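Colleague: Before I ask anything, here is the structure I am working with.
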Amino acid sequence: MVDGDERRVAVIIEDDADIGNLLAAVLAEAGFESFQATTGVEGIEAVREHQPILTTLDISLPGIDGFEVARRIREFSTTYVIMLSARTDEIDTLMGLDAGADDYVTKPFRPRELRARVEAMLRRMRRVPGGPLGGEADAEADGEVATGTTGEDSGWLSHNGLRMHPQMRLSELDGEPVELTRSEFDLMLAILERRRRVITKNELVLELRGDSGTGGYISDNDRRAVEVHLANLRRKLGDPVGKPRFVQTVRGVGYRLAP
688 MVDGDERRVA VIIEDDADIG NLLAAVLAEA GFESFQATTG VEGIEAVREH
738 QPILTTLDIS LPGIDGFEVA RRIREFSTTY VIMLSARTDE IDTLMGLDAG
788 ADDYVTKPFR PRELRARVEA MLRRMRRVPG GPLGGEADAE ADGEVATGTT
838 GEDSGWLSHN GLRMHPQMRL SELDGEPVEL TRSEFDLMLA ILERRRRVIT
888 KNELVLELRG DSGTGGYISD NDRRAVEVHL ANLRRKLGDP VGKPRFVQTV
938 RGVGYRLAP
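So in the working numbering, spot 234 of the sequence shown is number 921, and the numbers just go up one at a time.
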């Protein structure tokens, strides 16, 4: 969670000094204190040391590339990763998201666009869900999601062995912690809160942007990003498409919570 009193820390992993300084200026306008690294190895250590809520990551780095850096960061951190690259091919976007990035921005980028993405990320982190949608009557009718209200279970949502705590941003699977990226967590939580109601890809795109109440333009790449994040989520949860335990695909429409 981010509020006015919490220190906002970002790590910039970029070997071009001009771009690095531009990123630092944009992030400073959003209230971030930034630490810069010029190689992948330095960047990984900077994330480990400073524990940022946001990391910008260039793909073309000396030594190990940004894809490998993202994979290594994901072994120990849930920092929100925005991957930057001059490559515009869809395969590079998908590889970046598959490696653990939350968002992908192509160079040259407009500072205003990057600032908007950062602000959307902060809106997502500030949003505190009020519990499953629909109220108590629907909860009784659906019988799908258990909501803990007392003691150690307070605030937890659970379904088929998966437990999530929106405020603490914790997730457990069959009693064991499961590490999800911010995007994976938000997608699963949105589906969990809907219970058996279908949620479309477009709605999930807006959830990831933090724009669920305002809308906005949605591209094919946005929808494809949701698909990649959901594929990674299913892999972590051991949730096969053909026999879903948590996320059921409704072909041509979207997704809903599995029975």
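Using N, Cα and C, we set each Cβ at its ideal position, and we do this for glycine too. It should be emphasised that the depicted structure is a prediction, and the values quoted were computed from it without experimental measurement.
Tell me the residue span of the alpha helix (DSSP H) that contains R943.
Modeller: Taking the sequence shown and counting its residues from 1, one reaches residue 943 at position 256. No alpha helix (DSSP H) contains R943, which is instead part of the beta strand (DSSP E) from 941-944.
Colleague: Just checking, does the region 780-789 make contact with the region 746-755 on the three C-beta pairs under 8 Å criterion?
Modeller: yes
Colleague: So is D789 buried or exposed if we call it buried at 16+ other beta carbons inside 10 Å?
Modeller: Translated into positions along the sequence shown, residue 789 becomes position 102. By the neighbour-count rule (16 or more Cβ atoms within 10 Å), D789 is buried.
Colleague: Might you give, ordered along the chain, the residues of its own chain that have their beta carbon closer than 8 Å to the beta carbon of R802, omitting 5 neighbours on each side?
Modeller: Numbered from its first residue, the sequence shown carries residue 802 at position 115. Once the five neighbours on either side are set aside, the close Cβ partners of R802 are V713, E716, A717.
Colleague: Measuring CB atoms only, is the region 729-743 touching the region 694-710, in the sense that at least three cross pairs come out at less than 8 Å?
Modeller: These segments touch.
Colleague: Less than 8 Å between the beta carbons of L874 and H916, yes or no?
Modeller: On the sequence shown, position 187 is the one that residue 874 refers to. On the sequence shown, position 229 is the one that residue 916 refers to. Yes, the Cβ-Cβ distance between L874 and H916 is below 8 Å.
Colleague: Does N919 pass the burial test, meaning 16 or more other C-beta atoms within 10 Å, or should it be called exposed?
Modeller: To locate residue 919, count along the sequence shown from 1; it is residue 232. Its Cβ being crowded by 16 or more others within 10 Å, N919 is buried.
Colleague: I'd like to check one pair, R883 with F872: are the Cβ atoms closer than 8 Å?
Modeller: In the sequence shown, counting from the first residue as 1, residue 872 sits at position 185. In the sequence shown, counting from the first residue as 1, residue 883 sits at position 196. No, Cβ-Cβ distance for F872 and R883 is not below 8 Å.
Colleague: Can you give me the Cβ contacts of G941 inside the same chain, cut-off strictly under 6 Å, excluding the 5 residues immediately before and after it?
Modeller: Stepping through the sequence shown from its first residue, residue 941 is reached at position 254. Answer for G941: V885, I886, T887, K888, listed in chain order.
Colleague: Would the beta-carbon of I751 fall within 8 Å of that of V728?
Modeller: Residue numbering aside, residue 751 sits at position 64 when the sequence shown is read from its first letter. Residue numbering aside, residue 728 sits at position 41 when the sequence shown is read from its first letter. Yes.
Colleague: Return the first residue and the last residue of the beta strand (DSSP E) that D850 is part of.
Modeller: Position 163 of the sequence shown, counting from 1, holds the residue named residue 850. The amino acid occupying residue 850 in the given sequence is Arg; Asp does not appear at that position. 849-852 is the span of the beta strand (DSSP E), which, as asked, contains R850.
Colleague: If we ignore side chains and look at the alpha-carbon of each, how far apart do L809 and V734 end up?
Modeller: Position 122 of the sequence shown, counted from the first residue, corresponds to residue 809. Position 47 of the sequence shown, counted from the first residue, corresponds to residue 734. Taking the straight line from one Cα to the other gives about 18 Å.
Colleague: Are the beta-carbon atoms of R896 and A807 separated by less than 8 Å?
Modeller: Mapped onto the sequence shown, residue 896 falls at position 209. Mapped onto the sequence shown, residue 807 falls at position 120. Against a cut-off of 8 Å, the Cβ pair of A807 and R896 comes out as a contact.
Colleague: On the three-state DSSP scale, how would you describe T868?
Modeller: Counting from one through the sequence shown, the residue named residue 868 turns up at place 181. In the structure shown, T868 sits in coil (DSSP, three-state: anything other than H, G, I, E or B).
Colleague: On the three-state DSSP scale, how would you describe L920?
Modeller: Taking the first residue of the sequence shown as 1, we reach residue 920 at position 233. In this structure, L920 counts as helix in the three-state DSSP scheme.
Colleague: State the beta-bridge partners of H846 as determined by DSSP.
Modeller: Against the sequence shown, residue 846 aligns to sequence position 159. Looking at the DSSP assignment, H846 forms a beta bridge with L849.
Colleague: Tell me where the beta strand (DSSP E) around L860 begins and ends.
Modeller: Walking along the sequence shown from the start, residue 860 turns up at place 173. Taken as a continuous stretch (DSSP letters only), the beta strand (DSSP E) holding L860 covers 857-860.
Colleague: Apply the 10 Å Cβ neighbour rule to Q723 and answer buried if 16 or more other Cβ atoms are within range, or exposed otherwise.
Modeller: For the purposes of this step, residue 723 is taken as residue 36 along the sequence shown, with counting starting at 1. Flag for Q723 reads buried.
Colleague: How far does the alpha helix (DSSP H) with A724 in it reach, from first residue to last?
Modeller: As a position in the sequence shown, residue 724 is number 37, starting the count at 1. Where A724 is concerned, there is no enclosing alpha helix (DSSP H), although the beta strand (DSSP E) it sits in stretches over 720-724.
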